[in-house]
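As you go down the protein sequences, you meet chains A and B in turn.
Sequential numbering from 627 applies to the first sequence in this note's numbering.
Sequential numbering from 32 applies to the second sequence in this note's numbering.
Heads up: the structure comes next, in C-alpha cells.
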Amino acid sequence: MPRSRRSSTSRRRACATRSAGSRARPRNRRGNPVSGAFESAFSAAALRRGAPWLRGTGPDSDVVVSSRVRLARNLAGLPFVRKAGREQRDRILSLVRERAMSAGVARCAATGGGGQTERMLWLDIHRCPALERTLLVERHLISKEHAKQGGGGATAATPGQPAPKEAAEAATEAAAASASAGGEPRAVAITLPDEQLSIMVNEEDHLRIQVLRSGMDLDSALDLTDSVDDALEGAGEPAHGADGPGLEYAYSARFGYLTACPTNVGTGLRVSVMLHLPALKLTGEMEKVKRATRDLSLAVRGYYGEGSDAAGDFYQISNQTTLGRTERAILDQFEHQIIPQVIQYERHARRVLVERRRRVIEDQVLRALGVLRHARLLTPEEALTLLSQVRLGIYTGLISNVPAQTVSQLMLLTQPAHLQRLLDREMDQNERREARADLVRQHLAGE
Amino acid sequence: MKCDKCASEATVHEVRIQGGKKVERHLCEKCAREEGFAVQSHVTVPELLGQLIAEQAAAAKSEIGVPTAPIDPTKIQCPTCGTTYGQFRHSGLLGCAVCYEAFEAPLSPLLQRAQEGGTHHTGKVPKRLGGQRAAPPAPAKAPAAASGLEERLRRLETLKKQLNAAVAAEQYEQAASLRDQIRRIESPAQESKG
Chain A
627 MPRSRRSSTS RRRACATRSA GSRARPRNRR GNPVSGAFES AFSAAALRRG
677 APWLRGTGPD SDVVVSSRVR LARNLAGLPF VRKAGREQRD RILSLVRERA
727 MSAGVARCAA TGGGGQTERM LWLDIHRCPA LERTLLVERH LISKEHAKQG
777 GGGATAATPG QPAPKEAAEA ATEAAAASAS AGGEPRAVAI TLPDEQLSIM
827 VNEEDHLRIQ VLRSGMDLDS ALDLTDSVDD ALEGAGEPAH GADGPGLEYA
877 YSARFGYLTA CPTNVGTGLR VSVMLHLPAL KLTGEMEKVK RATRDLSLAV
927 RGYYGEGSDA AGDFYQISNQ TTLGRTERAI LDQFEHQIIP QVIQYERHAR
977 RVLVERRRRV IEDQVLRALG VLRHARLLTP EEALTLLSQV RLGIYTGLIS
1027 NVPAQTVSQL MLLTQPAHLQ RLLDREMDQN ERREARADLV RQHLAGE
Chain B
32 MKCDKCASEA TVHEVRIQGG KKVERHLCEK CAREEGFAVQ SHVTVPELLG
82 QLIAEQAAAA KSEIGVPTAP IDPTKIQCPT CGTTYGQFRH SGLLGCAVCY
132 EAFEAPLSPL LQRAQEGGTH HTGKVPKRLG GQRAAPPAPA KAPAAASGLE
182 ERLRRLETLK KQLNAAVAAE QYEQAASLRD QIRRIESPAQ ESKG
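Okay, structure coming up:
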C-alpha cells in the first residue's frame, strides 16, 4: 500500500499535540501547573460557553440530554492494558498517538458531520494535574477510571467509596491524591473546539473511541465513530490521508473485536443516552422503566456513571449486548424502538402531572428556582437536583423566564473542577459551596 | 393489570402469535417463575461466572465414563500472558487476545448468557481483513456479500434522508459532508483515486 508523508505544516495545522513536561507551564495562583494547550482549550471563557454536548439542543432534547457512541479496540500483538508493562503501555501510547494525531484522522473528524473540528488536542493524562483530569471527567471526555487509576486497569478499587451525596467532591479529592504519583502511561485525544470526539488510550482497553452529541443523535455519532475507527486503521488510504502506519486491531473471526472484558467483545460498541426522567420518577413509574430496560438487556445508570444514584433524575441507558448482532442492528433497536418509548412515557407522565397535579408541580419547580436564586451554600448534588426541577419546569411550561441552556450550562459549571477553573483558584469543599451558590445566583438573577 | 393466574399485579407480559392470532398473557413475578419465565435483574459478570463454574463443576462430577479426572476450569492458563481462568473470574478482565482461545471452553457458555445468546460476531470487520460484514455464524471465512450489501444500502438510505434534511435546513456544510459520505459508499474505488 503506497504511503506518502504529509507535509509537516499540514500536520501541525491539523493537530495541536502536547506532552506535559516538555515545555514550561503557566501556573495558577496556588502554583499548580497548567499546561498551555489545556489553558487555551479549557479557559474560563471557553468553559462559560458550556460543553457542546450539553447545549440542550438536538432532537427530543426535552427528554434526551445527550447521546454517546463508543467503540472499544485493542492492538494486535500486545497484552491488554491490565497485563501490559510500562514499556508496552508506552508503546501503545506512541503507536496510537502517531495515528490519532495524523492529518488523516483529524480530517476525518473535521468532515465527519455535526461538529466543527479545527484541531485535535493530545493530553498525557498520567502527567496532568488533578484539576485538569477532573475537569475532563466532568465534561465526559474521559471516564472517572481513566482519571483516577494510578496503575492502569480500570478495575482499580476505590477505597473509601464516597457517599453519593458528595460523590463529585470526593472524586476531586481522589483525583488529587493520585495526581502527583504520575502513574502508568495513558492519554486522551480530543477534537476542539467541538469536543465531539475523544479517544481514550490505555483505559480498560487500548482504545476507547467515543463521540458525544447533544440530544438524540446516535446515527451520525455512529457514522463518525465508525469512520474515525477506519481512519485509525489507515483504511481507504490514500483517500483518508496517508501518514504514519495504520493500527492493527486484535480481532478474531468468531469473537470479532477482542476486548479486555468479554461484555464488550464483538462489535465493542456501546450506545447510550442520558435521559432526564423527572416525571417518571415523581409518578413512581421509574422502577417499571428500569425493570423493562433491564429485561431488554440494557443497563441503567446514574449521572455520575456506574454505581451512582440517579442524581437529579438523570439516567444513562446503554446497550449490554455487543456480540452476535451488527452495529447498525444494535443501534437501530436502541434508537428507533426502545428509547422512543421511554421518551413518550416521560412526556405522557409530564402531561398527566401538569393536568392533574398542577399546583403541586408548580410549587415544586418554582420552589427549586427560589432556592437556587437565594441559596448561599450549595453542594453539587443539591444544585443538580434543583436544576433538574427547574428543567422540568421549563419543559412543562411552568417556568418561562429561564432559558433551558442556562440550566444545562449550570449543570456543568457547578461541578467542582469547573468552579475552580472558572475562578482560577483551588478551593476546599466549603469554599466551593459558597462559590457554587454565588455562580448560580449570578446566572439566574434577573431572568 | 392483574395476573392471569392469581390476584397479584402482573409484571410479565407476553404476546405470542398462534395460528395467526395474537395471544396475550399477563403474569405476576411468582407465577411467571413457575411458568418458566426468567425474571431476573441485571447479573454482574463475576456472579455469572460464579454460577457457571459451579454448574460446570457439578456437571463434571456427575459425568460417568470419563477416564480422566474432571478439569478444574479455574486452573486453565493462557499460554501467552499467564492469566488463569480463576484470575479472570475474579477480575472480570482477560489478559490478552489469546485468552479468548485459551478459555474458549469455559468462556463460550458464559458469553452466550452475557450476550443474550450471541455466540459469533456478525458486525464490522477490520479493513485489513477485507472490511466486509462477518457472516453469521462466523466460522465461514467468506464474507457474506449479501449482508454487507444490505448494510450499505441501508446506510445509504439513512444518509440520503439526512442529506435532504440538511439541504432543507440550509446546513450546507453538513450537506457537503453527507454527500461525500454517500459518494464514498456508492463508489469507493473512485473516491480513493481522487
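Just so it is clear, CB atoms sit at the ideal spot from N, CA and C, and this is done for glycine as well.
The structure displayed is predicted, hence computed values, not measured ones.
- So is B:Gln108 in contact with chain A if we call contact Cβ pairs under 8 Å? no
- Task: Give a yes or no on contact between the segment 878 to 897 of chain A and the segment 986 to 998 of chain A, applying the rule of three or more CB pairs nearer than 8 Å.
- Result: no
- Task: Determine the closest residue to A:Ala1061 out of A:Glu911, A:Thr1011 and A:Pro1042, with distance taken between C-alpha atoms.
- Result: A:Pro1042
- Query: Are the C-beta of A:Ala1075 and some C-beta of chain B separated by less than 8 Å?
  - Reply: There is simply no residue 1075 of chain A to check, as chain A begins at 627 and stops at 1073 in what is shown.
- Taking C-alpha atoms, which residue in A:Glu981, A:Asp820, A:Arg1059 and A:His832 lies nearest to A:Ser1007? It should be noted that the sequence gives Glu, not Ser, for residue 1007 of chain A. Taking only the C-alpha atoms, the option nearest A:Glu1007 is A:Arg1059.
- Pick out whichever of A:Leu1048, A:His772, A:Ala1071 and A:Asp1064 has its Cα sitting closest to the Cα of A:Arg674. A:Leu1048
- Out of A:Ser824, A:Glu830, A:Arg1017 and A:Glu953, point me to the one whose CA is closest to A:Ser687's CA. A:Arg1017
- Can you name the residues of chain A whose CB is closer than 7 Å to the CB of B:Pro104? The premise fails here: B:Pro104 is roughly 15 Å from chain A at the closest Cβ pair, so nothing lies under 7 Å.
- Query: Going straight from the alpha carbon of A:Thr1040 to that of A:Ala1009, what length do you get?
  - Reply: 7 Å
- Query: Any idea what DSSP makes of A:Gly1080, helix, strand or coil?
  - Reply: Residue 1080 of chain A lies beyond the residue range present for chain A, which begins at 627 and ends at 1073; the question has no answer from this structure.
- If B:Thr153 sits next to B:Ser139, beta carbons under 8 Å apart, how far is it from one beta carbon to the other, in whole angstroms? With 8 Å as the limit, B:Thr153 and B:Ser139 do not qualify as a contact, their Cβ atoms being about 16 Å apart.
- Query: In its own chain, which residues sit with a C-beta less than 6 Å from the C-beta of A:Ala876, not counting the 5 before and 5 after it?
  - Reply: Asn700, Ala702 and Leu884
- Going by DSSP, what residues sit across from A:Ser720 in a beta bridge? Bridge partners of A:Ser720: none, in fact.
- Message: Just to make sure I have the definition right: I need the residues of chain B whose C-beta is within less than 9 Å of the C-beta of A:Gly738. Which are they?
- Response: Ser208 and Gln212
- Interface residues of chain B around A:Asp845 at Cβ under 8 Å? Thr189 and Gln193
- Query: In or out: A:Pro785 buried (at least 16 other Cβ within 10 Å) or exposed?
  - Reply: Residue placement at A:Pro785 is flagged as unreliable, the pLDDT there being 31, under the threshold of 50; the coordinate-derived value follows with that caveat. With fewer than 16 other Cβ atoms within 10 Å, it is exposed.
- Answer yes or no: do A:Ser693 and A:Asp843 have a C-beta to C-beta separation smaller than 8 Å? yes
- Message: DSSP three-state label for A:Glu859, please.
- Response: helix
- Return the chain-ordered list of same chain residues with a C-beta closer than 8 Å to the C-beta of A:Val814, the five sequence neighbours on each side being excluded. Trp748, Leu749, Ile751, Leu762, Leu767, Ile768, His772, Ser824, Ile825, Met826 and Val827
- Which residue or residues does DSSP assign as beta-bridge partners of A:Phe940? A:His902
- For the segment 701 to 720 of chain A and the segment 967 to 980 of chain A, state whether three or more C-beta atom pairs, one from each stretch, are separated by less than 8 Å. no
- Item | Residues near A:Leu906 in its chain [Cβ-Cβ closer than 7 Å; skip 5 each side] | Met912, Val915, Tyr971, Glu972 and Ala975
- Closer than 9 Å by beta-carbon distance: list the chain B residues that pair up with A:Glu874, in chain order. Pro157 and Arg159
- Message: Nearest by alpha-carbon distance to A:Ala672: which of A:Gly910, A:Asp820 and A:Val837 is it?
- Response: A:Asp820
- Local Cβ density within 10 Å of A:Ala886, reported as buried at 16 or more and exposed below that: buried
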